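Note that the sequence shown ends on residue 91 in the numbering used here; no numbers are left out.
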Amino acid sequence: MDGFRDPIFTGCTRPAMLGGVPIVPLILIGGLTLLMSVWLYYLVSGYVSLALVLITIPIVLWMRQTTKTDDQRLRQVMMRARMRLRHGPSRVTWGAISYAPLSWKTRRS
């Protein structure tokens, strides 16, 4: 099996995009912005909801810029943020973060 190769078709691994931004994060950010802006318009003021919409525009532009060179980069950034949030207590205790999937259990002798 020296000459065996498994080709990877990168078009099959590319996420669906709309305007250069992956659809799932775009719908998540857009939906949360819409929901929050409607509630803020009703409860607080129209100016606050407008400010929220204006804050969302640079976030979407950042997501577009991030995925311009590598379509999986936004996924990597979100995965890193999720791991940082998950390993907060161990970072406080040890001053470092480990991404190893090991669960430490006590060994019986």
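Cβ coordinates follow ideal geometry from the N, Cα and C atoms, glycine included. Model, not experiment: these values are computed from the prediction.
State the start and end residues of the unbroken alpha helix (DSSP H) segment that holds residue i.
i	result
Pro40	Gly28 to Thr51
Gln58	Arg55 to Arg68
Ile11	Ile5 to Leu25
Check the C-beta distance from residue i over to residue j and give it rounded, since I have them as a contact under 8 Å.
i	j	result
Leu17	Ser31	Going by Cβ atoms, the distance from Leu17 to Ser31 rounds to 11 Å, so no, they are not a contact pair.
Leu36	Ser19	No, Leu36 and Ser19 are not in contact; Cβ-Cβ is about 10 Å, not under 8 Å.
Pro(-3)	Asp53	6 Å
Give me, in chain order, the residues of the same chain whose beta-carbon lies closer than 7 Å to that of residue i; leave out the 5 immediate sequence neighbours on both sides.
i	result
Pro7	Met45 and Leu56
Val59	Thr48
Val74	none
Can you list, in chain order, the residues of its chain with a C-beta nearer than 6 Å to that of residue i? Leave out the 5 residues immediately preceding and following it.
i	result
Ser27	none
Take residue i and list the residues in its own chain whose beta-carbon comes closer than 8 Å to its own, dropping the five residues that flank it on each side.
i	result
Thr15	Leu34, Val35 and Thr38
Exercise. Is the stretch 42 to 54 in contact with the stretch -11 to 9, if contact means three or more CB pairs nearer than 8 Å?
Worked result: yes
Exercise. Does the stretch 32 to 41 come close enough to the stretch 5 to 16 that 3 or more CB-CB pairs lie under 8 Å?
Worked result: yes
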